[in-house]
Amino acid sequence: MSVQPSTKTARQARIRAFLGNNSVKSQAELLGLLKDDGLEVTQATLSRDLVEIGAVRIRDHLGQLIYAIRQEGGDRSPQTAITQEVLDARLAKICQEQLVTAEGSANIVVLRTPPGAANLLALAIDHSQIPAILGCIAGDDTIMVITRAADGAREVASRFLQLAEPR
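Just so you know, we're using UniProt numbering here: the sequence shown kicks off at 1 and counts up by one.
Spelled out as structure tokens, the structure:
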């Protein structure tokens with residue numbers, strides 16, 4: 001069960017998620033997606049949110065205007081919907097480059113990275129939306145991953161180690 005607060009920050013995070021996972025052509029379409037997700041907002045509020053998160057309208061590969069948001073990591077080019085396949089490939093690449101160790105016990109997995117790399121890997125984990133993972137917290141070189149299953153840590157740790165193997 002997922003409980004989401006109705007704060008401005010939570011609303012804008014949901015808008016970012018919708019724009020990152022869907023080709024949204026209009027504010028009316030986005031209002032409908034938000035309503036289906038249990039959040040009713042006015043068009044004026046949505047318009048302000050889109051400006052605040054830096055959403056822009058660009059042409060997709062079919063030439064249709066859609067909303068997009070700026071990418072993370074300093075890339076200022078707009079980002080359209082990203083497939084799960086792309087997110088999984090990004091996670092695998094970062095694991096190959098940055099994962100040092102992965103150990104699990106009960107429902108906690110501890111991942112180690114070189115200094116300064118934990119946040120990058122944690123962000124990729126969050127974006128991959130792995131169903132077995134409830135969430136993660138990153139420090140400088142360590143990530144704590146919480147699994148949904150009470151005994152799921154060893155399986156999730158093994159999955160990260162498999163992702164880190166060169167292909």
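Idealized CB from N, CA, C, for every residue including glycine.
Beta-bridge pairing of residue 66 - partner residues as DSSP gives them: Residue 66 is bridged to 58.
Element boundaries [beta strand (DSSP E), containing residue 110]: Per DSSP, residue 110 belongs to the beta strand (DSSP E) from 108-112.
7 Å Cβ shell around residue 166 - same chain, five flanking residues per side excluded: Same-chain partners within the cutoff: 96.
Range of the contiguous alpha helix (DSSP H) that encloses residue 143: Careful: residue 143 lies outside any alpha helix (DSSP H), inside the beta strand (DSSP E) at 142-147.
Alpha-carbon to alpha-carbon, residue 15 and residue 9: The straight-line gap from Cα to Cα measures roughly 10 Å.
Residue closest to residue 28, alpha-carbon to alpha-carbon, out of 20, 40, 21, 17: For residue 28, the closest alpha carbon among the candidates 20, 40, 21, 17 is that of 40.
Assigned secondary structure, residue 150 (DSSP; H/G/I helix, E/B strand, else coil): Here residue 150 sits in coil by DSSP.
Candidates 141, 154, 132, 137: closest to residue 148 by CA position: Here the closest residue by C-alpha is 132.
DSSP state of residue 168 mapped onto helix, strand, coil: What the structure shows of the chain is the stretch from 1 to 167, and residue 168 is not part of that stretch, so it cannot be assessed.
Local conformation of residue 130 per DSSP, three classes: Note: residue 130 maps to coil in three-state DSSP.
CB-CB length for residue 177 against residue 94, believed under 8 Å: Look at the range of the chain in this structure, 1 to 167, and you will see that residue 177 is not part of it.
Cβ shell of residue 6 (< 8 Å), same chain only, five flanking positions each side left out: So the qualifying residues of the chain are 39.
Range of the contiguous beta strand (DSSP E) that encloses residue 17: Per DSSP, residue 17 lies in no beta strand (DSSP E) segment; the continuous alpha helix (DSSP H) that holds it begins and ends at 8-21.
Nearest-angstrom Cα separation, counted from residue 92 out to residue 128: Distance between the alpha carbons of residue 128 and residue 92 is about 10 Å.
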